[in-house]
Amino acid sequence: MSPSNPVALILGATGRTGSHLVNLLEQDGGSDNLQLRVAVRKPEQAETFAQRGISTVHLDLDQISTYEEALQGVQRLFMVTGYTVDMLSQGKNLTDAAKDAGVEYIVHVGTFHQPGRPQAKLIRHYIWHQLVETYIEASGIGWTHLLPNAFMQNFFGSVQDGKLRMFFGQERVGLVDCFDLARVAAAALRAPQKHSGQKYFLSVEALTMNEAAQILSEELGKTIAYEPLPAADLRKLPIGQTMEPAYFECIVRQMELLQAGQLPDFADVYHNIPQILGEEPTLFREFVRNNLAAFASA
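Numbering of the sequence shown is given in my numbering, commencing with residue 236 and proceeding in unit increments.
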């Protein structure tokens with residue numbers, strides 16, 4: 236690989252999507268591909284990537300002093316922000332630092348807020364994401380926004396003892412596999428000229444949870460029944476004690492509105508992944524088959 240090849244810095248590399256993205260870009264190799272660089276907050280994370288031969292830099296979204304050095308020599312940036320209201324300052328300051336560093340292209344992960352649809356107006360953290368996106372677009376840096384609906388990975392840990400327990404009520408919910416989100420991100424980072432200026436809403440299949448439970452039953456070989464949980468029960472979960480309060484209340488409100496039938500856009504589906512990737516997306520049945528071990532407690 237030539238030193239002149241573009242450097243792609245990956246944020247969130249240990250997360251559900253970022254880890255898939257790193258794996259995909261790591262497999263590229265060859266002289267025409269990206270130089271992969273991963274942002275880490277902790278020394279042990281750097282050591283893990285170093286063992287794989289992946290270059291790392293220290294970047295903490297809550298410490299603006301780490302931005303400049305981390306972005307030196309970077310041409311392409313995979314950008315995710317924290318699950319707090321601080322995403323506003325993080326998004327603004329990181330975009331400014333990227334512009335100052337000469338970053339040419341940002342692939343940003345947002346939320347499923349379609350223009351004019353209810354979630355874009357009623358869900359506060361979706362509004363925060365829209366503000367970050369608007370700032371990126373005004374920066375002069377090339378950009379692509381990836382806007383996923385509910386992740387299939389949310390089913391992990393929600394299927395136990397023959398029950399699928401979810402907060403989606405009886406509503407139909409659009410789904411996407413984090414792996415497909417990572418595949419789209421990789422495609423964009425590899426070829427900005429094809430994807431710059433695009434907003435990709437990613438939602439490949441809409442299911443009710445009863446339908447999801449039926450698929451789980453068939454693939455796991457045991458009966459899985461759906462048990463809807465009231466939105467108020469979110470506050471009983473440990474995550475309610477650890478997540479930043481303003482962001483957590485956004486999630487509770489979103490589930491309240493969904494269960495009341497006020498977020499029909501949660502069920503919207505896009506058939507764009509074949510056009511973006513030239514390959515079919517992962518549907519829920521295939522996702523379950525690919526992750527049988529993760530449902531062992533079912």
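Virtual Cβ for every residue (Gly too), placed ideally from N, Cα, C.
Spatially closest choice to residue i from the options, by CA coordinates
| i | options | result |
| --- | --- | --- |
| residue 253 | 476, 414, 527, 465 | 414 |
| residue 335 | 482, 302, 239, 314 | 302 |
| residue 310 | 455, 269, 276 | 269 |
| residue 331 | 295, 371, 314, 515 | 371 |
| residue 398 | 426, 383, 455 | 455 |
| residue 529 | 391, 501, 409 | 391 |
| residue 260 | 517, 250, 245 | 245 |
| residue 502 | 475, 459, 409 | 409 |
| residue 447 | 477, 472, 406 | 406 |
| residue 362 | 482, 512, 262, 378 | 482 |
| residue 359 | 516, 484, 517, 459 | 484 |
| residue 504 | 411, 489, 462, 514 | 411 |
| residue 286 | 517, 295, 273 | 273 |
| residue 479 | 322, 419, 369 | 322 |
| residue 247 | 517, 284, 314 | 314 |
| residue 299 | 376, 350, 327 | 327 |
| residue 460 | 393, 426, 474 | 393 |
| residue 344 | 284, 251, 453, 526 | 251 |
| residue 275 | 527, 305, 518 | 305 |
| residue 373 | 333, 320, 520 | 333 |
| residue 453 | 471, 320, 527 | 527 |
| residue 389 | 249, 509, 519 | 519 |
| residue 487 | 475, 497, 496 | 475 |
Residue i - partner residues in DSSP beta bridges
| i | result |
| --- | --- |
| residue 341 | 312, 378 |
| residue 324 | DSSP lists no partner for residue 324. |
| residue 270 | 242 |
| residue 441 | 409 |
| residue 435 | 381 |
| residue 291 | 273 |
Residue j beta carbon less than 8 Å from that of residue i
| i | j | result |
| --- | --- | --- |
| residue 342 | residue 424 | yes |
| residue 325 | residue 348 | no |
| residue 449 | residue 533 | no |
| residue 464 | residue 401 | yes |
| residue 499 | residue 353 | yes |
| residue 523 | residue 451 | yes |
| residue 318 | residue 381 | no |
| residue 256 | residue 422 | no |
| residue 271 | residue 289 | yes |
| residue 431 | residue 340 | yes |
| residue 242 | residue 337 | no |
| residue 316 | residue 296 | yes |
| residue 403 | residue 493 | yes |
| residue 379 | residue 433 | yes |
| residue 367 | residue 512 | no |
The ligand MG heavy atom lying under 7 Å from the CB of residue i
| i | result |
| --- | --- |
| residue 432 | Looking at this structure, you won't find the ligand MG or any other ligand, since it has none at all. |
Is the stretch 432–447 close to the stretch 279–293, with three or more CB pairs under 8 Å? No: fewer than three Cβ pairs fall under 8 Å.
Contained beta strand (DSSP E) runs [length at least 3] in the stretch 373–421, N- to C-terminal order: If we require 3 residues or more, the beta strand (DSSP E) runs fully inside the stretch 373–421 come out as 377–383, 398–401, 408–411.
Report the residue ranges of all beta strand (DSSP E) runs contained in full by the stretch 444–473; include only those spanning at least 3 residues, in chain order. 460–463
In chain order, which continuous runs of the alpha helix (DSSP H) of length 4 or greater are located wholly inside the stretch 342–372? 353–357
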